[in-house]
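Q: In case it helps, my numbering puts the sequence shown at residues 83 to 234.
Where a beta carbon is used, it is the ideal one built from N, C-alpha and C, also for glycine.
All figures in this text were calculated on a predicted structure; none of them were measured in a lab.
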Amino acid sequence: MMRPPPAGQGKRGEQGYLAYLLRQAHAAARLTMERALAELSVTSPQFAVLTMLRAYPGLSGADVARVALLTPQTVGVIIRNLERDGAIRKTPHPIHGRVLQWTLTRRGVTLLDKCRRHVQSVERRLAAGLTAKTQVAVRRWLASIASEFQQV
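Rendered as structure tokens:
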């Protein structure tokens, strides 16, 4: 029985398909993020929601789902839990009264800051060995992939 090579070798390395390598890298980074956040009892999806609400306060649940790349159902559960824990609060939209806007509370900002400190080591590992110029190129490449494929 033939065993597949470890990550980084053969088709799981430089000979691999780009889409597979991107998926493999995402899975490894996500697992590492989950482990970094576990001490705070925060999941990667919760971290994404908190991060997007800090960056774009006042988003609706549907908007949060879109920018956090999560299903509306998942975001609904996350929002309920974060609201219950006092990390976020809702306000009615000033024009569309049925739409709820979500923002971080002080407690949510503090939690997100703690999360950021825990994931800084992951970010450093992701950028290890890359020059500042290469980091910009990688960020630009990844953002362009997301933009291009969302338009399809």
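On the three-state DSSP scale, how would you describe T173?
A: If you number the sequence shown from 1, residue 173 lands on position 91. Looking at T173 - three-state DSSP - the assignment turns out to be strand.
Q: Please report how far the alpha carbon of A228 lies from the alpha carbon of L151, in whole angstroms.
A: Counting from one through the sequence shown, the residue named residue 228 turns up at place 146. Counting from one through the sequence shown, the residue named residue 151 turns up at place 69. Distance between the alpha carbons of A228 and L151 is about 11 angstroms.
Q: With distance defined between alpha-carbon atoms, name the residue in T153, L164, R189, G140 nearest to T173.
A: The residue labelled residue 173 in the question sits at position 91 within the sequence shown. Nearest of T153, L164, R189, G140 to T173, Cα basis: G140.
Q: What does the alpha-carbon distance come out to for the pair E165 and Q128?
A: Position 83 of the sequence shown, counting from 1, holds the residue named residue 165. Position 46 of the sequence shown, counting from 1, holds the residue named residue 128. E165 and Q128: Cα-Cα distance of roughly 12 angstroms.
Q: Which runs of the beta strand (DSSP E) fall wholly inside the region 126-176 and span at least 3 residues, in chain order?
A: Segments of the beta strand (DSSP E) lying fully in the region 126-176: 170-174.
Q: L119: which of V131, E230, A225, R199 sits nearest, CA to CA?
A: The count along the sequence shown starts at 1 and reaches residue 119 at position 37. Measuring from the Cα of L119, the nearest candidate turns out to be R199.
Q: Please classify T185: does DSSP put it in a helix, a strand, or coil?
A: Here the question's residue 185 lines up with position 103 in the sequence shown. Of the three classes helix, strand and coil, the one that applies to T185 here is strand, per DSSP.
Q: Flag this pair as yes or no: are the beta carbons of L135 and L186 separated by less than 7 angstroms?
A: Stepping through the sequence shown from its first residue, residue 135 is reached at position 53. Stepping through the sequence shown from its first residue, residue 186 is reached at position 104. In this structure, L186 lies closer than 7 angstroms to L135 by Cβ.
Q: Please report how far the alpha carbon of E116 lies from the alpha carbon of I170, in whole angstroms.
A: Indexing the sequence shown from 1 puts residue 116 at position 34. Indexing the sequence shown from 1 puts residue 170 at position 88. The straight-line gap from Cα to Cα measures roughly 21 angstroms.
Q: Where does G190 sit, in a helix, a strand or coil, going by DSSP?
A: Sequence index remark: in the sequence shown, residue 190 carries index 108 (1-based). Note: G190 maps to helix in three-state DSSP.
Q: Output the distance between the C-alpha atoms of P87 and R188, rounded to the nearest integer angstrom.
A: Residue 87 sits at position 5 when you count from the first residue of the sequence shown. Residue 188 sits at position 106 when you count from the first residue of the sequence shown. Those two C-alpha atoms are separated by around 47 angstroms.
Q: Output needed for P154: all residues of its chain with C-beta closer than 8 angstroms, excluding positions within five of it in sequence on either side, in chain order.
A: Taking the first residue of the sequence shown as 1, we reach residue 154 at position 72. The residues are G143, A144, A147.
Q: Determine the extent of the alpha helix (DSSP H) in which A50 is found, giving its start and end residues.
A: Outside the shown range of the chain, which is 83 to 234, sits residue 50, and nothing can be said about it.
Q: Can you tell me where the alpha helix (DSSP H) with R221 in it begins and where it stops?
A: Against the sequence shown, residue 221 aligns to sequence position 139. Where R221 is concerned, the enclosing alpha helix (DSSP H) stretches over 214-232.
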